[in-house]
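Student: Chains as they are written, first to last, in numbering that gives the first Met the number 0: chain A, 0 to 129; chain B, 0 to 262.
Okay, handing you the structure first.
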Amino acid sequence: MNKANENLREEIIRMSGVNPKKCMRCGKCSATCPAFDEMEYHPHQFVNMVESGDIEPLLNSDSLYKCLSCFACIERCPRSVEPAKLVEAVRLSVIRRQGENHLTANDIPALIDDEMPQQAIVSAFRKYTK
Amino acid sequence: MKLSYFPGCTLKTKAKELDFYARKCAEVLGITLEEIENWQCCGGVFTTAKTEIATKLSSVRALKDAKAKEQALVTVCSACHNVIKQTNHAMQTDAEFASKVNNYMAPEEAYNGETAVYHYLEMLRDLVGFDAIKEKVVNPLSGKKIAAYYGCLLLRPNSVMRMDDPENPKIMEDFIRAIGAEPVIYPYRNECCGGYITLESPALSKKKSNTVSESAQNAGAELMVTACPLCRYNLVKNGSEIPVVYFTELLAEALGVKEAGNE
Numbered sequence: 000m001n002k003a004n005e006n007l008r009e010e011i012i013r014m015s016g017v018n019p020k021k022c023m024r025c026g027k028c029s030a031t032c033p034a035f036d037e038m039e040y041h042p043h044q045f046v047n048m049v050e051s052g053d054i055e056p057l058l059n060s061d062s063l064y065k066c067l068s069c070f071a072c073i074e075r076c077p078r079s080v081e082p083a084k085l086v087e088a089v090r091l092s093v094i095r096r097q098g099e100n101h102l103t104a105n106d107i108p109a110l111i112d113d114e115m116p117q118q119a120i121v122s123a124f125r126k127y128t129k
Numbered sequence: 000m001k002l003s004y005f006p007g008c009t010l011k012t013k014a015k016e017l018d019f020y021a022r023k024c025a026e027v028l029g030i031t032l033e034e035i036e037n038w039q040c041c042g043g044v045f046t047t048a049k050t051e052i053a054t055k056l057s058s059v060r061a062l063k064d065a066k067a068k069e070q071a072l073v074t075v076c077s078a079c080h081n082v083i084k085q086t087n088h089a090m091q092t093d094a095e096f097a098s099k100v101n102n103y104m105a106p107e108e109a110y111n112g113e114t115a116v117y118h119y120l121e122m123l124r125d126l127v128g129f130d131a132i133k134e135k136v137v138n139p140l141s142g143k144k145i146a147a148y149y150g151c152l153l154l155r156p157n158s159v160m161r162m163d164d165p166e167n168p169k170i171m172e173d174f175i176r177a178i179g180a181e182p183v184i185y186p187y188r189n190e191c192c193g194g195y196i197t198l199e200s201p202a203l204s205k206k207k208s209n210t211v212s213e214s215a216q217n218a219g220a221e222l223m224v225t226a227c228p229l230c231r232y233n234l235v236k237n238g239s240e241i242p243v244v245y246f247t248e249l250l251a252e253a254l255g256v257k258e259a260g261n262e
């Protein structure tokens, strides 16, 4: 693992509070994930890839924006690894950079309808934008 | 009994009926809900990263306000409840986070998660009691088959929320019984509707929502009930064949402070 990857790995582990080494590769997180079909990298792969320092592909993947924050993998992980916390930390390490917001206010008018609750919009901003 | 109340952004706009009937029913049940002054939006979802401080301050402000009045804090929206309860838990258990928050906000007295946080359903169960509610019902919803939709945010993560068994909950079913109706148990009652992905991938939220509403319908439900405006929006927008209403609307109907079916 090169130095840059090692630093990023440490930062993601610190930010998330997750210990990926606890994972026993049962795959329950991915089995219960409601966004599984939409993801290029699935929750169990996030855990594995962060552990091995193979984080670059995750940084560039749309999978970061598919997590629904439903806490299913967090609740159901038999080893309390809590994969969604890793997804969150990887996503933050991207959107905290200058110019890397996934969603901007200008995108909103085209995406909403009259009935959509504010809750949907504030939640999306919380997840996609810094 | 006086309790602090955090309505949240959507209850002031698209989900007014959730808020309106929550207040009305609380009066009938002998509870005064005192709205937090100048409350700020909770942000809709809890950011699990330990390094996120600013996004959690609005919750801490509300919690601190309730503490100053020596009141418990009540929320109705599933999302507000989840964010505020998880933030409170972080203030209790993560000393580094709590000290950063307290250093930033510089309150006269440090806040360390002292406020008790109740979802309105927990208030009904733990502070009022479902038996007491039963006695106040003037218009029991007899014979109505109702599916409780928990979604994700009411129950998870259970280590923090502690509302009910996260995989086999009964608080909403007990509520449904208390108002004289018949609860319908169905497989997808605690699975996700798609949430905010409805903004970017409407097709995914349609798939998730339809799985939930079809599951309820196949189990024989004629009506679904939720505490979450976004769940309701996703289920209705994606064509649920059975109506979806807020639990406070049904409570108001049963307590005789709302006409049946009148929005």
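Just so it is clear, CB atoms sit at the ideal spot from N, CA and C, and this is done for glycine as well.
Is Y103(B) buried or exposed, if buried means 16 or more other CB atoms sit within 10 Å of its CB?
Tutor: Residue 103(B) sits at position 104 when you count from the first residue of the second sequence. Sixteen is the threshold: since fewer than 16 other Cβ atoms of the shown chains lie within 10 Å of the Cβ of Y103(B), the residue is exposed.
Student: Can you list the residues of chain A that S200(B) reaches, using a CB-CB cut of under 8 Å?
Tutor: Along the second sequence, one-based indexing puts residue 200(B) at 201. The answer, in chain order, is E37 and K65.
Student: Have a look at A202(B) and N233(B) and give me their C-alpha separation to the nearest angstrom.
Tutor: Within the second sequence, residue 202(B) is the residue found at index 203, counting from 1. Within the second sequence, residue 233(B) is the residue found at index 234, counting from 1. Between A202(B) and N233(B), the C-alpha separation is close to 11 Å.
Student: Is there at least one Cβ from chain B nearer than 8 Å to P77(A)'s Cβ?
Tutor: Start at 1 with the first residue of the first sequence, and residue 77(A) comes out as number 78. Not closer than 8 Å to any Cβ of chain B, the Cβ of P77(A) fails to qualify, so no.
Student: Applying a beta-carbon distance threshold of less than 8 Å, which residues of chain A neighbour K49(B)?
Tutor: Within the second sequence, numbered from 1, the residue matching residue 49(B) stands at position 50. The answer, in chain order, is R13, M14, S15 and G16.
Student: Which chain A residues are close to L203(B), counting only those with a beta carbon under 9 Å from its beta carbon?
Tutor: What you label residue 203(B) is simply residue 204 of the second sequence in a count that begins at 1. In chain order: P33, A34, D36, E37, K65 and L67.
Student: According to DSSP, simplified to helix, strand and coil, what is E252(B)?
Tutor: Indexing the second sequence from 1 puts residue 252(B) at position 253. Of the three classes helix, strand and coil, the one that applies to E252(B) here is helix, per DSSP.
Student: Do the CB positions of C28(A) and P19(A) come within less than 8 Å of each other?
Tutor: For this step, residue 28(A) is matched to residue 29 along the first sequence. For this step, residue 19(A) is matched to residue 20 along the first sequence. No, the pair does not count as a contact, with Cβ atoms beyond the cut-off.
Student: Is DSSP giving M122(B) helix, strand or coil here?
Tutor: The count along the second sequence starts at 1 and reaches residue 122(B) at position 123. Note: M122(B) maps to helix in three-state DSSP.
Student: Determine whether the beta carbon atoms of K63(B) and P106(B) lie at a separation below 8 Å.
Tutor: Locating residue 63(B) in the second sequence gives position 64, where the first residue counts as 1. Locating residue 106(B) in the second sequence gives position 107, where the first residue counts as 1. Yes; because the gap between Cβ atoms is below 8 Å, this pair is in contact.
Student: Please list, in chain order, the chain B residues whose beta carbon lies closer than 7 Å to that of V121(A).
Tutor: Start at 1 with the first residue of the first sequence, and residue 121(A) comes out as number 122. Within chain B, the residues near V121(A) are C8, C40, G42 and G43.
Student: Can you confirm whether V15(B), when its beta carbon is compared against all beta carbons of chain A, has any partner nearer than 8 Å?
Tutor: As a first step, residue 15(B) is located in the second sequence; it is residue number 16 there, counting from the start. For clarity, residue 15(B) is Lys in the given sequence; the question names Val instead. Output row for K15(B): interface = no.
Student: Name, going along the chain, the residues of the stretch 156-183 of chain B whose beta-carbon falls closer than 7 Å to a beta-carbon of chain A.
Tutor: P156, N157 and P165
Student: Around the C-beta of A94(B), are 16 or more other C-beta atoms found within 10 angstroms, so that it is buried, or is it exposed?
Tutor: Taking the first residue of the second sequence as 1, we reach residue 94(B) at position 95. Label assigned to A94(B): exposed.
Student: If you draw a straight line from the alpha carbon of E278(B) to that of L222(B), how long is it in whole angstroms?
Tutor: Since the first residue of chain B shown is 0 and the last is 262, residue 278(B) is not available in this structure.
Student: As an exercise, report each continuous alpha helix (DSSP H) stretch of at least 4 residues that is fully enclosed by the stretch 44-115 of chain B, in chain order.
Tutor: 56-67, 77-92 and 94-104
Student: Taking the beta strand (DSSP E) that F70(A) belongs to, which residues open and close that run?
Tutor: As a working note, residue 70(A) is residue 71 in the first sequence. First-last for F70(A): undefined, no H or E at that position.
Student: Assuming contact is defined by CB atoms lying nearer than 8 Å, are F246(B) and V224(B) in contact in what I supplied?
Tutor: Within the second sequence, numbered from 1, the residue matching residue 246(B) stands at position 247. Within the second sequence, numbered from 1, the residue matching residue 224(B) stands at position 225. Contact: yes.
Student: What residue range is occupied by the uninterrupted beta strand (DSSP E) comprising S3(B)?
Tutor: Position 4 of the second sequence holds residue 3(B). Its beta strand (DSSP E) spans residues K1 to F5.
Student: Grab the span of the alpha helix (DSSP H) containing V235(B) for me, first residue to last.
Tutor: Counting from 1 along the second sequence, the entry for residue 235(B) is found at position 236. Note, V235(B): alpha helix (DSSP H), P228 to K236.
Student: With H, G and I counted as helix, E and B as strand and the rest as coil, what does DSSP make of N261(B)?
Tutor: Within the second sequence, numbered from 1, the residue matching residue 261(B) stands at position 262. Residue confidence for N261(B) is low, a pLDDT of 49 falling below 50, so the modelled location carries little weight and cannot support an answer.
Student: Distance cutoff 8 Å, beta carbons only. Does T92(B) sit that close to anything in chain A?
Tutor: As a first step, residue 92(B) must be located in the second sequence, where it is residue number 93. Closer than 8 Å: no.
Student: When you compare only the Cα positions, how much space is there between M38(A) and L229(B)?
Tutor: Looking up residue 38(A) in the first sequence gives position 39. Looking up residue 229(B) in the second sequence gives position 230. So the two alpha carbons sit approximately 22 Å from each other.
Student: Decide yes or no for the touch test of the stretch 79-89 of chain B against the stretch 37-45 of chain B: beta carbon pairs closer than 8 Å, at least 3 of them.
Tutor: yes
Student: Helix, strand or coil: how does DSSP classify P42(A) here?
Tutor: The residue given as residue 42(A) occupies position 43 in the first sequence. Three-state result, P42(A): helix.
Student: With a threshold of 16 other CB atoms inside 10 Å of the CB of S122(A), please say whether the residue is buried or exposed.
Tutor: As a position in the first sequence, residue 122(A) is number 123, starting the count at 1. Classification for S122(A): buried.
Student: Would you be able to state if there are at least three C-beta pairs under 8 Å between the stretch 204-218 of chain B and the stretch 134-152 of chain B?
Tutor: With the cut-off at 8 Å, the stretch 134-152 of chain B and the stretch 204-218 of chain B touch.
Student: Counting only Cβ pairs nearer than 7 Å, list the residues of chain A close to E190(B).
Tutor: Sequence index remark: in the second sequence, residue 190(B) carries index 191 (1-based). Those within 7 Å of E190(B) in chain A are P33.
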